[in-house]
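J.: Please see the structure below; I have some questions.
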Amino acid sequence: MSELSELEQRISAALTRIKSGLDAVETAPAEPQEDVAEAKAAVEAQVETLTTQLEDERTANAQLEERVKLLKDRQDGKISELESNVEAGRARSARMDRELQRLRQVNAELRDINGQLREALSEGVAEPHLVNKAMLAELEALRATRAADAAEMDAILEELTPMIEQEAKDAAG
Numbered sequence: 015m016s017e018l019s020e021l022e023q024r025i026s027a028a029l030t031r032i033k034s035g036l037d038a039v040e041t042a043p044a045e046p047q048e049d050v051a052e053a054k055a056a057v058e059a060q061v062e063t064l065t066t067q068l069e070d071e072r073t074a075n076a077q078l079e080e081r082v083k084l085l086k087d088r089q090d091g092k093i094s095e096l097e098s099n100v101e102a103g104r105a106r107s108a109r110m111d112r113e114l115q116r117l118r119q120v121n122a123e124l125r126d127i128n129g130q131l132r133e134a135l136s137e138g139v140a141e142p143h144l145v146n147k148a149m150l151a152e153l154e155a156l157r158a159t160r161a162a163d164a165a166e167m168d169a170i171l172e173e174l175t176p177m178i179e180q181e182a183k184d185a186a187g
């Protein structure tokens, strides 16, 4: 029962507050139409200003997106160029490696054949086929050396060519 009387007091207090609030609203002077028109004009001007600013920001955003796209395209181009340069470097390196392996193999064969030829000569036995093998091995060693040198020169030229071209552009420009 005490809850009921407590709720009744709270409701009465709330109604009193509502009544005093309504009295305050009724006693407040009504705003003149001029103030409303001025406020409406100020709000419309502010909306127009904000709309203009929004359009400016959209334009700036579109320009930034275009710049980002251009930078991305440029970066993608550089990446593909670098990847092709790396691939070309790997190909040059592989070619040089093959030529050096061939040179090592031919030189090992030449040493072996020369050893056999020395042995035959020390025993006083003339082995014409060993002399022929030695000559062929020496010729093959010279060819392998030449190919390894050519591969090395090609690699050097491929590295220097872009630098020389850039220097020529800088001198001309």
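In the working numbering, the protein residues as written are 15 to 187.
Virtual Cβ for every residue (Gly too), placed ideally from N, Cα, C.
1) If you draw a straight line from the alpha carbon of residue 97 to that of residue 74, how long is it in whole angstroms?
2) Rounded to the nearest angstrom, what separates residue 119 and residue 158 at their Cα positions?
3) Taking residue 179 as part of the alpha helix (DSSP H), name the residues at either end of that continuous run.
4) Please classify residue 127 as buried or exposed, where buried requires at least 16 other C-beta atoms within 10 Å of its C-beta.
5) Since residue 169 and residue 113 should fall inside the 8 Å C-beta cutoff, what is the C-beta to C-beta distance between them, to a whole number of angstroms?
6) Is there contact between the region 127-136 and the region 145-153, where contact requires at least three CB pairs shorter than 8 Å?
T.: From the atom records:
1) For the purposes of this step, residue 97 is taken as the residue at position 83 of the sequence shown. For the purposes of this step, residue 74 is taken as the residue at position 60 of the sequence shown. Taking the straight line from one Cα to the other gives about 34 Å.
2) One-based indexing of the sequence shown puts residue 119 at position 105. One-based indexing of the sequence shown puts residue 158 at position 144. Straight-line Cα distance between these residues: approximately 9 Å.
3) Here residue 179 corresponds to residue number 165 of the sequence shown, with the count starting at 1. Looking at the DSSP string, the run of the alpha helix (DSSP H) that includes residue 179 is 142-186.
4) Looking up residue 127 in the sequence shown gives position 113. Residue 127 is buried by the Cβ-count criterion.
5) Taking the sequence shown and counting its residues from 1, the one referred to as residue 169 is at position 155. Taking the sequence shown and counting its residues from 1, the one referred to as residue 113 is at position 99. Their Cβ separation, rounded to whole angstroms, is 11 Å, which puts residue 169 and residue 113 out of contact at 8 Å.
6) yes
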